[in-house]
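In this note's numbering, the protein residues as written are 14 to 192.
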């Protein structure tokens, strides 16, 4: 069985004057949310055989804060293809993975992450998929499992969404506030 976990970068700051979108940093709430998600990942016992991450500053900073909360390094591989990737590009990256890795974490951006979940998880009323369809907030984690033993077999409708954890689920102060 393969497990694919997706993490959207934490909330970034739009007030900072940066020359490129790639260089946009996290804001204070984003830093707190990423640390909280790291603590949550530790608490629920998630581990990853491989971590791939977008090289965007906001993803790098999310990972740094996540590792603080987690209490250990994740040693990501930085892959430019993850920067603002579409669901199709993300799925291509999944298909490229070595089958020795049972668990894969992708850290990137929306709308691609949400679209990938909606592509891989079959529509069923009243499930976690409904929450993803409503909104995939910053610093949110989605975990999917597949009966497949080969990453190339990961396909549309073949996933079970086992977790969808938003920062506000673990700390209500990290929820929407009109920022």
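For each residue, glycine too, the CB sits at the ideal point set by N, CA and C.
Nonlocal neighbours in the same chain, by C-beta distance under 6 Å from residue i, ignoring five residues either side
i	result
residue 78	44, 47, 48
residue 20	120, 154
residue 96	67, 69
residue 134	142, 172, 174
Closest Cα partner of residue i within the set the options
i	options	result
residue 38	30, 25, 57	25
residue 8	57, 188, 70	As displayed, the chain neither begins before 14 nor continues past 192, which places residue 8 out of reach and without an answer.
residue 125	113, 149, 138, 140	149
residue 141	177, 132, 55	177
residue 156	172, 143, 146	172
residue 152	60, 72, 89	72
residue 62	111, 131, 160	111
residue 103	131, 82, 88	131
residue 129	139, 113, 105, 109	105
Pairwise C-alpha distance: residue j and residue i
i	j	result
residue 175	residue 136	14 Å
residue 58	residue 115	15 Å
residue 84	residue 35	27 Å
residue 50	residue 147	20 Å
residue 15	residue 158	6 Å
residue 64	residue 122	15 Å
residue 56	residue 27	31 Å
Same chain only: Cβ atoms within 8 Å of residue i, ignoring 5 sequence neighbours per side
i	result
residue 107	17, 117, 119, 164, 167
residue 191	Any answer about residue 191 is weak, because its pLDDT of 45 lies below 50 and its placement is not dependable; what the coordinates show is given next. Once the five neighbours on either side are set aside, residue 191 has no close Cβ partner at all.
residue 181	150, 187, 188, 189
Beta-bridge pairing of residue i - partner residues as DSSP gives them
i	result
residue 90	65
residue 167	DSSP, once it has assigned bridges, lists no residue as partnering residue 167.
residue 25	39
residue 178	154
residue 17	117, 157
residue 173	158
Cutoff 7 Å; reference residue i; Cβ partners in own chain excluding five residues on either side
i	result
residue 93	68
residue 184	49
residue 53	178, 183
residue 189	none
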